[in-house]
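Colleague:
Numbering (mature numbering (1 follows the signal peptide of the UniProt record, and there is no 0)), first residue to last: -24 to -1, 1 to 398.
Encoded structure:
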C-alpha cells in the first residue's frame, strides 16, 4: 500500500505544533528515554483529517453524493475548479498514512465519518457495509501503529439527499437521522474507539452555510451576505440550524451513555471553533462586545450543551428569534459531554456596534452576530502577522487566553486542543 504524505497538516491534540515540527525538532521526544521526556507518557501529539478533504473515492463502493460533492462540481464555486473527488486518496492509502503517522511520533489522529459513505440514504436506506469496513480497517491501521483514533461523527459534510428532502440542518428530521448515524457508528466501531467527537466546528458550518452563504447550502441573511450566497433566509434560520445541531449532539451523547459507554469504555465530546476576541479598547462597551462576540460564536453551542440554556448575551439581543428547549430537550442537555475539543487559529479585535455607530458593512455588525463588529487591525496596525487566509493572523498569545477562558467558563472538563495552526 502506498504512502500519502501530502496531507498531514492541520490538527494537534494538546500540543501547539505542526507535524513538520514534530518530525524534525521534536522527534527525539518519542525516541529518547521516556523518563527524560518533559511530557507525561499519556500525552497526545496528534494530527487530524476529515472525510471529505482526505478520502477521495467520492462515488466508490456504494457512497452517495454529499453536499460538498455537489457544491464543488458547480462551475464557479471553487476558484480553480478543483474538487475532492480523489483528494489525497486516503480511502486507498490509509495503511501508508498510519505508518507515516507512527514514523513521525504521532500517537493520536482525528478522523471523521463520511455520513454518505456509511448511510447513503440515511435511516430510510441500508447500511453500506463497504463504508463501515473501510472505517474499521482505517481505525485498525491506526491502532496497530500505536495511534489513538479520535472519531468525529460529522465534519461539515451531509448527504445531499437530506438537503433535497428537508433542507438538511434546517429540517426537524435531521435529529433522527443523526441519532441513527451515531447508533450505527457506536454499534459497529465502538469496540475500537475510545474518543468520540459528535461534531467538528458546528458553529463554523452554521455561519458559513446559513449566515454568510459561502459554503453549502449557500444560504445567508441580508445583513451578513457574502459572495457565494444563492438564497436569502430570515435571521432565525441560522439559530434553527444551531438548535438542531445542539439537540443532535445531546441525543448522540444520550445514546452512547445509555447503550454503549459502560461496555465500550469510551468518552464522547465535541470540537468547537474558538476565536479569541480582543476588545478594541478598554471601554466597557468594547469589553462587553468581545464577550458578546464569544457568546454568539462558541458559547452559542457550549452553554446549552453544558448548562442547558443559551448565553444571556444571545437572549438579550435575539429575544424570540432564539428557539426554546422543550422539557424533554432539557432532560438531555446539561453536562452533555465528557471532554471539550478546542479548535483555535487566531485572534481578532471586537468592538461595540450595539450601542455605538459602526460602518454598516463591518463584519459582525448585524443582529445574528450580536452587533459585535470584528476587524483584524487597529489604527491600521494588524493584530498579528497576516497570513494568506482571510481574517487570520499569527497571534499565538490567543491560545493561552482561550484555554484560560474555556477553563473558567466550563470548569471540570478535560480539554484537548483538537485543531490549531497558522
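Using N, Cα and C, we set each Cβ at its ideal position, and we do this for glycine too.
Could you round the C-beta distance between residue 230 and residue 150 to whole angstroms and report it? I think they count as a contact, below 8 Å.
Modeller: Within the chain shown, residue 230 is the residue found at index 254, counting from 1. Within the chain shown, residue 150 is the residue found at index 174, counting from 1. The pair is not a contact, with the Cβ atoms about 16 Å apart (cut-off 8 Å).
Colleague: Please classify residue 129: does DSSP put it in a helix, a strand, or coil?
Modeller: Reading the chain shown from its first residue, position 153 is the one you call residue 129. Note: residue 129 maps to strand in three-state DSSP.
Colleague: Just grab the DSSP bridge partners of residue 196 for me.
Modeller: Here residue 196 is taken as the residue at index 220 of the chain shown, counted from 1. Residue 196 pairs with 188, 208.
Colleague: To test your reading of the DSSP string, which unbroken alpha helix (DSSP H) runs of 4 or more residues are found completely within the stretch 88 to 139?
Modeller: Within the stretch 88 to 139, the complete alpha helix (DSSP H) runs of at least 4 residues are 91 to 94, 105 to 120.
Colleague: Does DSSP put residue 3 in a helix, in a strand, or in coil?
Modeller: By one-based count along the chain shown, residue 3 stands at place 27. Below a pLDDT of 50, predicted positions are generally treated as unreliable, and residue 3, at 49, falls in that range; no measurement from the model is reported.
Colleague: Distance, Cα to Cα, residue 393 vs residue 14?
Modeller: For the purposes of this step, residue 393 is taken as the residue at position 417 of the chain shown. For the purposes of this step, residue 14 is taken as the residue at position 38 of the chain shown. Using only the alpha carbons, I get a separation of about 18 Å.
Colleague: May I ask you to verify whether the stretch 256 to 267 touches the stretch 314 to 330, counting CB pairs closer than 8 Å and requiring at least 3?
Modeller: Verdict: yes, contact present.
Colleague: Look at the alpha carbon of residue 224 and the alpha carbon of residue 79, and state the distance between them as a whole number of angstroms.
Modeller: As a first step, residue 224 must be located in the chain shown, where it is residue number 248. As a first step, residue 79 must be located in the chain shown, where it is residue number 103. Approximately 37 Å, taken between the alpha carbons.
Colleague: Residue 133: buried (16+ other C-beta within 10 angstroms of its C-beta) or exposed?
Modeller: The sequence position of residue 133 within the chain shown is 157, counting from 1. With 16 or more other Cβ atoms within 10 Å, it is buried.
Colleague: Looking only at its chain, what residues have a beta carbon closer than 6 Å to the beta carbon of residue 25, apart from the 5 residues adjacent to it on each side?
Modeller: Taking the first residue of the chain shown as position 1, residue 25 is located at position 49. These residues qualify, in order along the chain: 87.
Colleague: Under 8 Å Cβ to Cβ from residue 311, same chain only, skipping five residues before and after it: list those, please.
Modeller: On the chain shown, residue 311 is found 335 positions in, with the first residue counted as 1. If we look at residue 311 and ignore the five residues flanking it on each side, its Cβ neighbours are 282.
Colleague: Is the shortest distance between the beta-carbon of residue 369 and the beta-carbons of chain B less than 8 Å?
Modeller: Judged by its chain identifiers, the structure shown contains no chain B, having just a single protein chain.
Colleague: Could you please give the first and the last residue of the uninterrupted alpha helix (DSSP H) stretch that includes residue 377?
Modeller: For the purposes of this step, residue 377 is taken as residue 401 along the chain shown, with counting starting at 1. Here the alpha helix (DSSP H) through residue 377 covers 373 to 385.
Colleague: Once DSSP output is grouped into helix, strand and coil, what is the label at residue 49?
Modeller: As a position in the chain shown, residue 49 is number 73, starting the count at 1. Reduced to three states, the DSSP call for residue 49 is coil.
Colleague: Any idea what DSSP makes of residue 34, helix, strand or coil?
Modeller: Counting from 1 along the chain shown, the entry for residue 34 is found at position 58. Looking at residue 34 - three-state DSSP - the assignment turns out to be coil, as it is neither helix nor strand.
Colleague: Which residues does DSSP list as the beta-bridge partners of residue 323?
Modeller: Sequence index remark: in the chain shown, residue 323 carries index 347 (1-based). BP columns for residue 323 point to 252.
Colleague: Give the range of the alpha helix (DSSP H) segment to which residue 289 is assigned.
Modeller: Within the chain shown, residue 289 is the residue found at index 313, counting from 1. 288 to 294 is the span of the alpha helix (DSSP H), which, as asked, contains residue 289.
Colleague: Report the rounded CA-to-CA distance for residue 112 versus residue 168, giving the unit in angstroms.
Modeller: Sequence index remark: in the chain shown, residue 112 carries index 136 (1-based). Sequence index remark: in the chain shown, residue 168 carries index 192 (1-based). Their Cα atoms are separated by approximately 8 Å.
Colleague: Just how far apart, CA to CA, sit residue 374 and residue 18?
Modeller: Walking along the chain shown from the start, residue 374 turns up at place 398. Walking along the chain shown from the start, residue 18 turns up at place 42. C-alpha separation (whole angstroms): 26 Å.
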